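Before any comments, here is the structure.
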Amino acid sequence: MTIKTTAEGAPKKLNPWLKFALEIGPLVAFFFVNSRAGLFWGTGVFMAATAVSLLVSWLLIRRLPIMPLVTGVVVLIFGGLTLYLQDELFIKLKPTIVNTMFGVVLLVGLAFGKSLLAVVFDAAFSLTDEGWKKLTFRWALFFFALAIINEVVWRNFSTDFWVAFKVWGIMPLTFVFALAQLPLLQRYEAKTDDA
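Sequential numbering from 38 applies to the sequence shown in this note's numbering.
Below is the structure:
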């Protein structure tokens, strides 16, 4: 099987707005169904929407981005446990586990001299080795911070607050953090020899 490519031969990429919709859509569906029918219905819809999102990505570009794929697998496992055991704990632990796992994988990659973030971002940026290392380290710390925040929120607030915070708190935090990395991206941009 071949990967669809653009005219230049590079792997086909999703439109950024469609990619954003496919990533945020399942969370928004989770939020709205939870607010109307409860966590267990919300979890079922979250699982189904995640599977649909992955399927649409596959149909459009014939490959699955690493982060959504890993997150999707964990959503299906922990969502399944939540529904099967009728226990909210599993779906609440999912963000902690996913973010901790991403943080650990990024730091282990750095320990072995690999900046795995380049793979995660599908080479969307062209950075020097030092830039990739610094960006990878920052994202690893951010993932750990998200895991801690998730633990604090689900343990100290209502389920409805936790669900709302996942959508309306975590996404804006991630966006602000990503924007805060722009100076690093500019400072360590790999220069081409075109000039």
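A virtual CB, placed ideally from N, CA and C, is assigned to each residue, including glycine.
Since this is a predicted model, take the numbers as computed values, not measurements.
Specify, as a first and last residue, the run of the alpha helix (DSSP H) that residue i falls within.
i: Asp166; result: 166-193
i: Lys56; result: 53-74
i: Leu153; result: Element bounds for Leu153: n/a, residue is neither H nor E.
i: Gln218; result: First-last for Gln218: undefined, no H or E at that position.
i: Phe162; result: From DSSP, Phe162 is part of no alpha helix (DSSP H); its letter is neither H nor E.
i: Ala227; result: No alpha helix (DSSP H) holds Ala227; DSSP gives it neither H nor E.
i: Trp199; result: 196-202
Mapping DSSP to helix, strand and coil, what is residue i?
i: Glu125; result: coil
i: Lys41; result: With a pLDDT of 42 at Lys41, under the threshold of 50, the predicted position of this residue should be treated as unreliable, though the coordinate-derived value follows. In the structure shown, Lys41 sits in coil (DSSP, three-state: anything other than H, G, I, E or B).
i: Lys131; result: helix
i: Lys49; result: coil
Let's test the definition: count the other Cβ atoms within 10 Å of the Cβ of residue i and tell me whether it reaches 16, buried, or not, exposed.
i: Ala215; result: exposed
i: Val153; result: Residue identity check: residue 153 is Leu in the sequence provided, not Val. Under this definition Leu153 is a buried residue.
i: Phe212; result: exposed
i: Ala86; result: buried
i: Gly150; result: exposed
i: Ala217; result: exposed
i: Lys228; result: exposed
i: Thr173; result: buried
i: Ala66; result: buried
i: Ala148; result: exposed
i: Gly75; result: exposed
i: Thr165; result: exposed
i: Ser238; result: The structure shown does not extend to residue 238, since the chain is modelled only from 38 to 232, so the question has no answer here.
i: Lys203; result: buried
i: Val145; result: exposed
i: Trp205; result: exposed
i: Ser90; result: buried
Taking only beta-carbon atoms, is residue i less than 8 angstroms away from chain D?
i: Ala66; result: The displayed structure is made up of one protein chain only, and chain D is not part of it.
- [ ] Jot down the residue ranges of each uninterrupted alpha helix (DSSP H) in the stretch 84-127, minimum 4 residues, whole runs only, in chain order.
- [x] 103-122
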